[in-house]
Amino acid sequence: MANIEKITDANFSEKVLGADRPVLVDFTAAWCGPCKAMAPAVEDIAREYDGEATVYLMDIDESPDTRHGQGIMGVPTFMIFNHGEMIERFSGSMSRSKLAAALEAVVADAG
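In UniProt numbering, the protein residues as written are 1 to 111.
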């Protein structure tokens, strides 16, 4: 997922909670098979919503403070934020269309 910026405990608040547009965070881990399976869909969504929303990756093993603070119990977990407020949360693999539709709804409300 070279095209998607990775965030950490150090910049989660600034990049996600302080963002002025919708943000999709993919909480992932290097060892997670379902995360790897979701990677192409997440990259596609990042390209599709470029300019309307931001997509970030967060490795839960590298960012334990945010993982605990957000109550992440398993990966993949996807969270959509708008102006610092968590709007949607999904855990586990899902269809690209379901994830995109959830982000689209937040983008439409934000616009």
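From the three backbone atoms N, C-alpha and C, an ideal C-beta is built for every residue, glycine too.
Residues bridged to VAL55 by DSSP? Answer by DSSP bridge pairing, in chain order: LEU24.
Could you tell me the alpha carbon to alpha carbon distance between MET86 and ILE80, rounded to whole angstroms? C-alpha separation (whole angstroms): 6 Å.
For MET73 versus VAL25, is the C-beta spacing smaller than 9 Å? It is not a contact, given that the beta carbons lie outside the stated cut-off.
Helix, strand or coil for ARG47, going by three-state DSSP, please let me know. When secondary structure is reduced to three states using DSSP, ARG47 falls in the helix class.
With contact counted as at least three CB pairs below 8 Å, one residue from each stretch, are the segment 47 to 61 and the segment 4 to 19 in contact? Short answer: they touch.
Quick one: residues in its chain with C-beta nearer than 7 Å to the C-beta of VAL75, no 5 flanking neighbours on either side, listed in chain order? Cβ within range, chain order: PHE27, THR28, ALA29, CYS32, CYS35 and ILE60.
Let's test the definition: count the other Cβ atoms within 10 Å of the Cβ of ALA46 and tell me whether it reaches 16, buried, or not, exposed. It counts as buried.
Within the same chain, show all residues whose beta-carbon is closer than 8 Å to that of ASP20, passing over the 5 residues directly before and after it, in chain order. Same-chain partners within the cutoff: HIS83.
Give the single residue among MET38, LYS15 and ALA110 whose Cα lies nearest to the Cα of THR77. Ranking MET38, LYS15 and ALA110 by CA distance to the CA of THR77 puts MET38 first.
Between SER93, GLY18, LYS15 and PRO22, which has its C-alpha nearest ALA108's C-alpha? Taking ALA108 as reference, the option from SER93, GLY18, LYS15 and PRO22 with the minimal CA-CA separation is PRO22.
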